[in-house]
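Keeping their order, the protein sequence lines are chains G and B. Each step along the first sequence adds one to the number in the numbering used here, with nothing skipped, and position 4 is 38. Each step along the second sequence adds one to the number in the numbering used here, with nothing skipped, and position 300 is 334.
Number of protein chains: 2
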Amino acid sequence: MSRTGSRTTGRPTLAEVARLSGVSPITASRALRGVSTVAPELAEKVAAAAAALGYVANPAARALASARSHSVVVLIPSLSNQLFIDTLEAIHEVMRPRGLEVLIGNYHYDSEEEENLIRNYLAYQPCGMLLTGFDRSDAARQMLAASGVPCVHMMELGGEAGALSVGFSQQQAGRAAAQHLIERGRRRLAFIAAQLDPRVMQRAEGFRQALAEAGLQATELEMLTPQPSSIALGSELFSQLLAQAPDVDGIFFCNDDLAQGAVLQALRQGVEVPRQVAMVGFNDLPASAHMVPRLTSIRTPRAAVGRGAAQALLALLDGKRVATEQQDLGFELMVRESS
Amino acid sequence: MSRTGSRTTGRPTLAEVARLSGVSPITASRALRGVSTVAPELAEKVAAAAAALGYVANPAARALASARSHSVVVLIPSLSNQLFIDTLEAIHEVMRPRGLEVLIGNYHYDSEEEENLIRNYLAYQPCGMLLTGFDRSDAARQMLAASGVPCVHMMELGGEAGALSVGFSQQQAGRAAAQHLIERGRRRLAFIAAQLDPRVMQRAEGFRQALAEAGLQATELEMLTPQPSSIALGSELFSQLLAQAPDVDGIFFCNDDLAQGAVLQALRQGVEVPRQVAMVGFNDLPASAHMVPRLTSIRTPRAAVGRGAAQALLALLDGKRVATEQQDLGFELMVRESS
DNA sequence: CTGAAAGCGCTTACAG
DNA sequence: CTGAAAGCGCTTACAG
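Okay, structure coming up:
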């Protein structure tokens, strides 16, 4: 029963498939991969033999021989934000049917960890990489460039010339949130944010612009903390804000979990939402529409971003030129009861 | 710039490391892996050369030569339940520092999909597999057995003789929820469940047992649906239950998202929780402690399960005999305001 | 403790 | 459209 020391896997090999179908291994390989033109009758025989043997190609051998794996690496900053789970699922849905393996790297919003992940994953000779945003260390950037592995950036738009991105304008989204609150007649507007990753800061920028354009004090009521975003933190920050600025009448949260915590805390403290203070969240996570009151939020196209980025990468692998460098998928303000 | 057709990766190889450090490739390989006894001075030279070149071993070549990869496959039924995210994170935390890659397979609670994932992942020659529960197709079971890949089962206890598992008694947990409601003086008890995977049904069994032992009607107020669990569904099922059985005074939910939906719906309908109806959830997801009222829930050791399963697998790979076949990590009833 | 030889299971590049 | 040869970058098994 011990498998130590064995050199073979015991699994059927391409050579066996070839033997059983009466062709050479190369022809079997071509038939199985569907490349070149193999005579239809031979291709059928090979397929039948492979099926009969239960043959599944050895990815390691394949990667070694071709200097290219069938793996796609996806780098995300967090798994605890439902946002990225939805993106990941969409990526899988596109990649799996194409026989591509998805390697997930979570760098926990840590630039050094991202760099290490890139270094290690590059050794896997991935056929492509899906990255979150554009903000990474110079070393990471250089490794990626030197590797020649095709990359698509997710969530943000922009980046260096030639960089492919699928996402939406984070800044416009922050702007839209502020404009909505202003249209609702709110004047003492606060921004509550955690994590403070580059995308959060872009939203902050949009929020500030809208306030400035409306002639409002732009940064007085900002509560920014690098702590991870959570419901608990949202409750806490809301209480603090209210104690410091009892006249606040509108709040934009950089993520829905913060807004959910705040709306629940308001309920607990007897603060009427939206009468006394209106609230707008971000991402429109599943729970938000069920809060009391139901949360207004900006719905982000996270599944579409995953799908779009995966498809753009596939197009790249197929040698197609990607028409649009920056694919803007937009966002949608979901107005509900909290504003 | 075109990478098509290239056979080499352009990355430094073991041969280059060996040349630079003045030893043979085999010695370099051994030094880098830390196996056998390599003279300390040679090992140092090799390490220095590898660092200087930025050498990272080619996993494909390694897997091909040893008939064993450094990948561990984790199969989970869902990514949309925060439960499994926590487990996954804990697994990563144990495996990554050991240089093991974690391949995640989500089978969406679909037995056939799980079987396909197993078939494909076995081709990667994983050094181990982490599986969720024991319920899978005969074909899947046979493939796993034939492969000889060491497996550890997560979340449930039990399974065939010799099967390793790390989890807790789902049945006891269901029992504990019922007993708590009974102790609180509740007599018209309902069970609301979705998904209906094997673990949910084990909780149902424990719940029924406790009711029967207390001389209560055990299954009259059950609402079971195979739909995926969600907050929206919880709201809906709660409304339905209340319409059908206005005298219900206690509810156990098979997952916290259902309970969260119910508690929010109760708030909306003006149903007093727990005065009119007490509620107990399951898993103690992050939002539960912040609901209004704060939800009583059964906290499950999901991170500890991931950690324990990963460590058990590592012990197995190191050739250690795992002492306990079934590692029971227990659960904890978190009593809050809703019961 | 160290190494020369062989081989893992594929695909590339070159012929025909 | 098909194939014989070589090789990808490692590790195993066997010597010494």
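Yeah, the Cβ is synthetic: ideal placement off N, Cα and C, and Gly gets one too.
task: Go through its chain and collect everything with a Cβ distance to Phe272 (chain B)'s Cβ below 6 angstroms, but skip five positions before and after it.
output: Ala296 and Gln299
message: Taking CB distances under 8 angstroms as the criterion, tell me whether Leu304 (chain G) reaches chain B.
response: The sequence shown places Gly at residue 304 (chain G), not Leu. No, its Cβ sits nowhere closer than 8 angstroms to a Cβ of chain B.
- prompt: Residues of chain B with a CB under 9 angstroms from the CB of Arg333 (chain G): which are they?
  reply: Correct list: empty, because the minimum Cβ distance to chain B is about 15 angstroms.
task: For Asn154 (chain B), name the three-state secondary structure that DSSP assigns.
output: helix
- prompt: Does the beta-carbon of His142 (chain G) have 16 or more other beta-carbons within 10 angstroms, so that it is buried, or is it exposed?
  reply: exposed
Within chain G, the residues that Leu301 (chain B) reaches when beta carbons sit closer than 7 angstroms: Per Cβ cutoff of 7 angstroms: Val326.
task: Report yes or no: is there a C-beta of chain B within less than 8 angstroms of the C-beta of Arg37 (chain G)?
output: At Arg37 (chain G), the pLDDT of 42 sits below 50, so the modelled position is not reliable; the number obtained from the coordinates is stated separately. With 8 angstroms as the cut-off, Arg37 (chain G) counts as an interface residue toward chain B.
field: Asn115 (chain G) versus Leu319 (chain B) - alpha carbon distance
entry: CA-CA distance, Asn115 (chain G) to Leu319 (chain B), rounds to 13 angstroms.
query: Between which two residues does the alpha helix (DSSP H) carrying Glu78 (chain G) extend?
result: Membership of Glu78 (chain G) in the alpha helix (DSSP H) is indicated by the continuous run Pro74 to Leu87.
- request: Would you verify that the beta carbon of Asn317 (chain G) is, or is not, closer than 8 angstroms to some beta carbon of chain B?
  value: Interface with chain B (8 angstroms Cβ-Cβ cutoff): Asn317 (chain G) is excluded.
Beta carbon proximity, Ser273 (chain B) to chain G, threshold 8 angstroms: no
message: Going by DSSP in three states, Met325 (chain B) sits in which element: helix, strand or coil?
response: Here Met325 (chain B) carries a coil assignment [DSSP, helix/strand/coil].
- prompt: Is Pro308 (chain G) buried or exposed, if buried means 16 or more other CB atoms sit within 10 Å of its CB?
  reply: buried
task: Just the C-alpha distance for Met188 (chain B) and Ala173 (chain B), rounded to the nearest angstrom, thanks.
output: Taking the CA atoms as reference points, Met188 (chain B) sits about 20 angstroms from Ala173 (chain B).
task: Run through the region 166-200 of chain B for me and flag every whole beta strand (DSSP E) of 3 or more residues, listed as ranges in chain order.
output: 185-189
Residues of the region 65-98 of chain B with Cβ closer than 7 angstroms to any Cβ of chain G, in chain order: Val90, Ala91, Asn92, Pro93, Ala94, Ala95, Ala97 and Leu98
C-alpha gap between Glu366 (chain B) and Gln360 (chain B), whole angstroms: 19 angstroms
field: Buried or exposed (CB count within 10 angstroms, at least 16 for buried), Ser373 (chain B)
entry: buried
message: Leu292 (chain B) and Pro260 (chain B) - do their beta-carbons sit closer together than 8 angstroms?
response: Contact: no.
message: Can you tell me whether Ala386 (chain B) is buried or exposed? The criterion is at least 16 other CB atoms within 10 Å of its CB, across all chains shown.
response: Since the first residue shown for chain B is 35 and the last is 373, residue 386 (chain B) is missing from the structure and cannot be characterised.
query: What is the DSSP secondary structure of Ser105 (chain G), counted as helix, strand or coil?
result: strand
task: Compare the C-beta of Pro320 (chain G) with all C-beta atoms of chain B and state if any pair is closer than 8 angstroms.
output: Chain B, which has a Cβ nearer than 8 angstroms to the Cβ of Pro320 (chain G), makes this yes.
- request: Name the residue from G:Gln310, G:Phe286, G:Gly364 and G:Tyr158 whose alpha carbon lies nearest to the alpha carbon of Ser331 (chain G).
  value: G:Phe286 is the residue among G:Gln310, G:Phe286, G:Gly364 and G:Tyr158 whose C-alpha sits nearest the C-alpha of Ser331 (chain G).
field: Buried versus exposed call for Lys354 (chain G) [16 or more other C-beta atoms within 10 Å across all chains shown]
entry: exposed
task: State the Cα-Cα distance for the pair Asp290 (chain B) and Asp120 (chain B), rounded to the nearest angstrom.
output: 15 angstroms
message: Output needed for His104 (chain G): all residues of its chain with C-beta closer than 8 angstroms, excluding positions within five of it in sequence on either side, in chain order.
response: Pro93, Arg96, Ala97, Gly133, Leu134, Glu135 and Cys161
query: At which residues does the beta strand (DSSP E) containing Ser269 (chain G) begin and terminate?
result: Looking at the DSSP string, Ser269 (chain G) is not in any beta strand (DSSP E); the run it does join, the alpha helix (DSSP H), is Ile265 to Gln278.
- request: Return the residue from the list B:Ala338, B:Val314, B:Ser199 and B:Pro232 that minimises the CA-CA distance to Leu215 (chain B).
  value: The residue among B:Ala338, B:Val314, B:Ser199 and B:Pro232 with its C-alpha nearest the C-alpha of Leu215 (chain B) is B:Val314.
task: Taking Arg302 (chain G) as part of the alpha helix (DSSP H), name the residues at either end of that continuous run.
output: Asp290 to Gln303
message: Can you list, in chain order, the residues of its chain with a C-beta nearer than 8 angstroms to that of Ala337 (chain G)? Leave out the 5 residues immediately preceding and following it.
response: Asp120, Thr121, Glu123 and Ala124
- request: Could you tell me which of G:Ala77, G:Phe202 and G:Cys185 sits nearest to Leu351 (chain G), measuring between CA atoms?
  value: The closest CA to that of Leu351 (chain G), considering only G:Ala77, G:Phe202 and G:Cys185, is found on G:Cys185.
Closest Cα partner of Phe232 (chain G) within the set G:Ala101, G:Thr166, G:Met325 and G:Glu78: Looking at the sequence provided, one finds Pro at residue 232 (chain G) rather than Phe. Considering only alpha carbons, the answer is G:Thr166.
- request: Compute the distance between the beta-carbons of Leu156 (chain G) and Met177 (chain G), then report whether it is under 8 angstroms.
  value: yes
field: Per-residue contacts from Thr42 (chain B) into chain G (C-beta, under 8 angstroms)
entry: Correct list: Ala101.
query: At least one CB of chain B closer than 8 angstroms to the CB of Ala197 (chain G): is that the case?
result: no
- prompt: Among residues of its own chain, excluding the 5 on either side of Ala349 (chain B), which ones have a beta-carbon nearer than 6 angstroms to its beta-carbon?
  reply: Hits under 6 angstroms: Val356.
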